[in-house]
Amino acid sequence: MIQQSQPKPSNIDWLTLVLYYTFVIAGLLCIYASVYRESNPMIYDATQNYGKQLIWIGASSFIGLLILLVDEKFFYAFAYPIYIITIVLLLAVLAFATTVKGSSSWIEIGGFRMQPAEFAKFGTALALARYMSGFNIKYSDRKVQLVTAGMILLPMLIILLQNETGSALVFASFVLMFYREGLPGYFLFIGLMMAVLAVLALVIPSLYLIIAIGVFAGLFTLVIRRNRQNLLIVLAVTLFAMAYVSSIGYAFENVLQPHQKTRINVLLGKEVDLKGAGYNVQQSKIAIGSGGLLGKGFLEGTQNKFRFVPEQSTDFIFCTIGEEYGFVGSVVFIGLYMLLLWRILVMAERQRQKFNRIYGYCVAAILFFHFAINIGMTIGLVPVIGIPLPFFSYGGSALLSFTILLFIFIRLDANRQNELRGAFD
Amino acid sequence: MDNSAKRNILIAIFFSFALVYIVRLAFLQLFDDSYLRYAQQNVLQEQTIYPARGLVYDRNGELLVYNDAIYDLFVTPDQVKDLDTAEFCRVLGITLEGFVQRFEKMKKSKGYAPYREQLFEKQLSIQTYAAFQEKMFDFLGFNTVVRTDRKYKFSDAAHVMGYIGEVTEKDIEKSEGYYRMGDFIGISGVEKSYEEVLRGKKGVQFVLVDSKNRTQGRYKEGQFDTPAVAGYNIELSIDHQLQQLGEQLLQNKVGSVVAIEPSTGEILALVASPTYDPNLFVGRERGNNYMKLLRDPSKPLFNRPLAAPYPPGSIFKVLMALTGQQEGVLNANTTYGCRNGYMFVGCHPHSSPLALRGAIAVSCNAYFCQVYRSVVNNLAYPKAEKAYQSFHKHMASFGLGKRLGVDLFGEGGGLLPTSEYYDKIYGRYRWQATTTISLGIGQGELGITPLQMANATAAVANRGYWITPHVVKKIDGKPNPNPEYQNKHWTTIDTTYFPVVIDGMQDVVTAGTARIAQIPGIEICGKTGTAQNPHGKDHSVFFAFAPKHNPKIAIAVIVENAGFGATWAAPIASLMMEQYLTGKHDTRKALLERMLKGNLIHKNDTTITTQTIKH
Chain A
73 MIQQSQPKPS NIDWLTLVLY YTFVIAGLLC IYASVYRESN PMIYDATQNY GKQLIWIGAS
133 SFIGLLILLV DEKFFYAFAY PIYIITIVLL LAVLAFATTV KGSSSWIEIG GFRMQPAEFA
193 KFGTALALAR YMSGFNIKYS DRKVQLVTAG MILLPMLIIL LQNETGSALV FASFVLMFYR
253 EGLPGYFLFI GLMMAVLAVL ALVIPSLYLI IAIGVFAGLF TLVIRRNRQN LLIVLAVTLF
313 AMAYVSSIGY AFENVLQPHQ KTRINVLLGK EVDLKGAGYN VQQSKIAIGS GGLLGKGFLE
373 GTQNKFRFVP EQSTDFIFCT IGEEYGFVGS VVFIGLYMLL LWRILVMAER QRQKFNRIYG
433 YCVAAILFFH FAINIGMTIG LVPVIGIPLP FFSYGGSALL SFTILLFIFI RLDANRQNEL
493 RGAFD
Chain B
753 MDNSAKRNIL IAIFFSFALV YIVRLAFLQL FDDSYLRYAQ QNVLQEQTIY PARGLVYDRN
813 GELLVYNDAI YDLFVTPDQV KDLDTAEFCR VLGITLEGFV QRFEKMKKSK GYAPYREQLF
873 EKQLSIQTYA AFQEKMFDFL GFNTVVRTDR KYKFSDAAHV MGYIGEVTEK DIEKSEGYYR
933 MGDFIGISGV EKSYEEVLRG KKGVQFVLVD SKNRTQGRYK EGQFDTPAVA GYNIELSIDH
993 QLQQLGEQLL QNKVGSVVAI EPSTGEILAL VASPTYDPNL FVGRERGNNY MKLLRDPSKP
1053 LFNRPLAAPY PPGSIFKVLM ALTGQQEGVL NANTTYGCRN GYMFVGCHPH SSPLALRGAI
1113 AVSCNAYFCQ VYRSVVNNLA YPKAEKAYQS FHKHMASFGL GKRLGVDLFG EGGGLLPTSE
1173 YYDKIYGRYR WQATTTISLG IGQGELGITP LQMANATAAV ANRGYWITPH VVKKIDGKPN
1233 PNPEYQNKHW TTIDTTYFPV VIDGMQDVVT AGTARIAQIP GIEICGKTGT AQNPHGKDHS
1293 VFFAFAPKHN PKIAIAVIVE NAGFGATWAA PIASLMMEQY LTGKHDTRKA LLERMLKGNL
1353 IHKNDTTITT QTIKH
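Just so you know, the protein sequences line up as chains A and B, in that order. Residues in the first sequence are numbered from 73 upward in steps of one, following our numbering. Residues in the second sequence are numbered from 753 upward in steps of one, following our numbering.
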């Protein structure tokens, strides 16, 4: 007989819950500010974005409550079915997609529009946690690596086919969880180096870069022990780096779509496009930059109010924070976000069940990736990749999926003292 | 690696991102204020409020120049929706090609952006505007803007009023940012010289606009707005009735009339012929009309009364008479004989010998050549050069040879040769009175503008002083504040030397060459002149003032290539003085008729010429 395990309120991590509601309500105010019109001030209007968002917050709270009331074993037991359902939904999107702003990631069910890509994030997180917490599973095992990679690549590819590059990239964030679960640290380092080389390859002509790599490799051999094995490794790495660098240019020209190329060129300063991609970033920087130290105050942000910032209630919601609450507000926001991420990692680390911990790391990784890309994009440090700011951005699917993602972890954490299910690591 | 260390590494990665972002935010929000400026440029739109330009009245309070609304049509290309192009073109009275052309031209212009308002058509007629206004709701994205343009109530006094037109790049530069492209500015006349008085002060209104350039409200409740200040009204010293009569009298003749109130220096009439209708410089045809007038061989744009230099003729005899007395080489009783001339200067038959008063009355050339000789060869001076300099000083004190400083642009200085001028021609000490003898009768290397002639006449009328002539009497109901227009310029001639000369001038009208100028009941002092003209027939010249005591008007009339002063210039001056002093000009109908009909431009029109002779 399964023992019913209702969480005691005292076991719920109230700090996380408070942070969640802080973000959601602050986000609502920002959305309100971004649609507010002095000429037509309104208290509540269900046809406006903030009105809909309020309904979504209600719905999310309801779902969140259900999650907290569900038996925690449910998520372990249903991890694979949930994963499979999200994959089926993603495939259904490919078949019956409704195209919204060039992205065909939406599906309409009875007038209700949703974006399954958002749900695939927690679906994949659950499946990964389930698989990797199994008995005798070691991440260093080649088979485990292949299976987990497959579990991630499947939804990623389908989402790429939906033209939602941003959402697809989010799945790359699981690498942080793998690192915790045994992926050698140099993978992170290699990943970082590849990113740096990719950027350099776009800025510097690849011939110079190849020469630079050769010179660097030559210098490197002078400081290491020059036995045959080391030299072969250096040679292999050097050749790989050179090939990688020369392929970047090719990939940039032939694989990326024109608008993506423009976004990258704008970011790199190679192209000034003040009407298109550059316009978004420029206006976003203007809105944030004009906020100053203390900001212009609630509803006083002219750039947001008068629609200079595109997508201001969704992907560029941070502009409202930057403009109306200034540097202080932005730092407080970033601080609170860091507090949430830190809290999740602390919670994950205190789990006695491997399933819970892995899931916790997945949550932190996803939230961090969204934060890093979204904020970086609004302040012009990252190319424009359209992904929402969790809990802030307007959008039902996103809010609902982030709520589910987080609340499942709060629910799992509430039962952290219960018996072991996964093996200790 | 220990697990919590891995967690800490992840936390470190998170925090380092956060740190980089915070540093970046600090740069954007704290250290770089350009974003604040960009933000203001985005939302703040400075709208100019144009003040009403000051009105212009004549000295009797008659309105001469006022403002009229003009309507410019603007379009915001982004907002044009469902336009019935055919209907639109019909209402506006343009062709479909014209419609397309306008858009193409617009797209090529600087600063074009589809979300910004662009000028589509300038200065719609009131009819088109009314028709358009009715249909406006059908033509989304189009918008009319009201501006004011000048309207001249009468077609005369063009050279006084001047006109306005759009500013040039140069004007904008000079104004240090006051003017903007498309603004109006005074281009000539009082419109130009009193531009800063008339234009008023532009107001500014800051409004907030959204990204589609739609107005969203006032910026900070308008606390940075400044209202427009209307330009001051000005009152000209011109008597419009007199001016109008003058222009009628000079029609079909080439010449000038300048009338001045001697006691104040106020210009009562400033007539140029040929002239133009100032309303040609209003509205859409402004540019075309300007080119037409510029190419007109009769030079209607040339401001003759201010700029054209004429040989002064007889005014110089009057001034010589005064100078001679002042220099002590002449008195009322000095007589010279006339043997029909002096050296190579001829004279006309008259009784001889004559004393000063008589010599003026008959305008004896020989007499004044003698006077000139005695002035320049005055033995009181060591050299003719010094004596000449003294002569020059006296002449200059009447305002000859330099610009008087009238409050209009385009004034000429005329020519009064200095001793250096003759030194240059003849060599130092190589010239004396006889070399330059024709100066004595106002010929030779002399140029005097009609304005200078009238001013010198005013100085004689005032018995020794003049006030800088000006056309603006009052600004905003207060006297013209320029101190120059109160200041008496005393001539170098003592007041005691004037009466005999003035008596002589009175004789000219009562018994001498200008009997035709007599007006019953008014004592007129005048002098005819027949200025020899190297380019053709002599100019007909007359200058006069009246009444003799306490003069109210001093006038100079020049009719080019018209022959004797008495034929044309004297009657015209007489009619105008009568008009000014009595308010009537039709007591001598025949004379008036002859002057009005006199046509000296279309020479082959023989009927008029015969008529002229009959009178």
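Just so you know, even glycine gets a beta-carbon here, dropped at the ideal spot from N, CA and C.
Residue i and residue j: beta carbons closer than 8 Å?
i	j	result
VAL1114/B	GLY1264/B	yes
VAL381/A	PHE388/A	yes
VAL1293/B	GLY1153/B	no
VAL1261/B	LEU1074/B	no
MET410/A	ALA770/B	yes
GLU839/B	HIS992/B	no
THR1319/B	GLU1330/B	no
VAL317/A	LEU281/A	yes
LEU126/A	LEU100/A	yes
PHE872/B	LEU825/B	yes
LYS953/B	ALA910/B	no
ILE944/B	ASN819/B	Checking the displayed sequence, the identity of residue 944/B turns out to be Lys instead of Ile. Not in contact: LYS944/B and ASN819/B (Cβ atoms no closer than 8 Å).
GLY955/B	THR920/B	no
MET249/A	CYS434/A	yes
Does the Cβ of residue i have 16 or more other Cβ atoms within 10 Å, making it buried, or fewer, making it exposed?
i	result
THR1170/B	exposed
LEU777/B	buried
THR1201/B	buried
HIS331/A	exposed
PHE496/A	Note that PHE496/A scores 43 on pLDDT, short of 50, meaning its location in the model is unreliable and no value can be drawn from it.
TRP178/A	buried
VAL898/B	exposed
ARG1109/B	buried
THR1358/B	Note that THR1358/B scores 38 on pLDDT, short of 50, meaning its location in the model is unreliable; the coordinates nonetheless yield the value given after this. It is exposed - the Cβ of THR1358/B has fewer than 16 other Cβ atoms within 10 Å.
ASN1239/B	exposed
ARG214/A	exposed
TYR823/B	buried
PHE889/B	exposed
ILE429/A	Rather than Ile, the amino acid found at residue 429/A in this sequence is Arg. Counting Cβ neighbours within 10 Å, ARG429/A comes out buried, since at least 16 surround it.
GLN76/A	Interpretation of GLN76/A is limited by its pLDDT of 49, a score under 50 that renders its predicted location unreliable; no figure is taken from the coordinates.
MET1043/B	exposed
THR1027/B	buried
MET933/B	exposed
SER877/B	exposed
Check the C-beta distance from residue i over to residue j and give it rounded, since I have them as a contact under 8 Å.
i	j	result
LEU1352/B	LEU1001/B	The pair is not a contact, with the Cβ atoms about 12 Å apart (cut-off 8 Å).
GLU1163/B	LEU1058/B	5 Å
ILE708/B	VAL1009/B	Chain B is shown only over 753 to 1367; residue 708/B falls outside these bounds and no answer can be derived.
ASN1129/B	ALA1185/B	4 Å
GLN968/B	PHE399/A	26 Å between Cβ atoms; not a contact.
LEU1160/B	ASN985/B	Contact flag wrong, Cβ pair sits at about 18 Å.
Only counting the same chain, and skipping five residues up and downstream in sequence, which positions put a Cβ closer than 6 Å to that of residue i?
i	result
CYS1090/B	CYS1099, SER1104, CYS1116 and ALA1118
PHE191/A	THR158 and SER473
THR475/A	SER132 and GLY136
ASP1371/B	This structure leaves residue 1371/B out entirely; chain B is present only between 753 and 1367.
ALA436/A	LEU413, ILE416 and LEU417
GLN355/A	PHE380 and VAL381
GLY452/A	VAL353 and LYS357
Taking 7 Å as the cut-off, does the CB of residue i come closer than this to any heavy atom belonging to the ligand GDP?
i	result
THR1244/B	In the structure on display, the ligand GDP does not appear, and there are no ligands present to speak of.
Once the 5 residues before and after residue i are set aside, which same chain residues still bring their CB inside 7 Å of it?
i	result
ASP908/B	GLN995, GLN996 and GLU999
LEU366/A	GLY398 and VAL400
So, for residue i: in the same chain, excluding its five sequence neighbours on each side, which residues have a beta-carbon less than 8 Å away from its beta-carbon?
i	result
ALA1148/B	LYS1154 and LEU1168
GLY1035/B	ILE822, GLN875 and ASP901
**Study point:** Entirely enclosed alpha helix (DSSP H) segments - the segment 215-253 of chain A, minimum 4 residues
**Key:** 237-242 and 247-252
Review point. Enumerated in chain order, which unbroken segments of the beta strand (DSSP E) with a length of 3 residues or greater are wholly contained in the segment 186-212 of chain A?
Key: none
Exercise for review: Go through the segment 951-987 of chain B residue by residue and report every complete run of the beta strand (DSSP E) that reaches 3 residues or more, in order.
Suggested key: 955-961 and 967-970
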